[in-house]
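Residue numbers (the numbering used here): 3 to 80.
A virtual CB, placed ideally from N, CA and C, is assigned to each residue, including glycine.
What follows is one structure encoded as structure tokens, with my remarks underneath.
Right, dumping it as structure tokens:
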């Protein structure tokens, strides 16, 4: 089975192109945001370019030199 691209509208997933399945066939899938919107452009929803950059930064690891950072949890508290 090939990948089916769909748009979520009014609580229903609507395929963008024809799907080769008999009517009322039950299927199971895990929704995943498409890299491109239906019109071929980047989606402007929750995974905007700015959000992708934030996740990239948050995913990087930094070496602080501290082994137990939790021990410093209240360092900046009054």
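Residue of the options minimising C-alpha distance to residue i
| i | options | result |
| --- | --- | --- |
| residue 16 | 76, 27, 7 | 7 |
| residue 54 | 37, 18, 67, 75 | 37 |
Under 7 Å between C-beta atoms of residue i and residue j
| i | j | result |
| --- | --- | --- |
| residue 49 | residue 60 | no |
For residue i: DSSP bridge partner residues
| i | result |
| --- | --- |
| residue 17 | 8 |
Neighbourhood of residue i by C-beta distance below 8 Å, restricted to the same chain and skipping five residues each side
| i | result |
| --- | --- |
| residue 23 | 29 |
| residue 33 | 10, 15 |
Same chain only: Cβ atoms within 6 Å of residue i, ignoring 5 sequence neighbours per side
| i | result |
| --- | --- |
| residue 27 | none |
| residue 66 | none |
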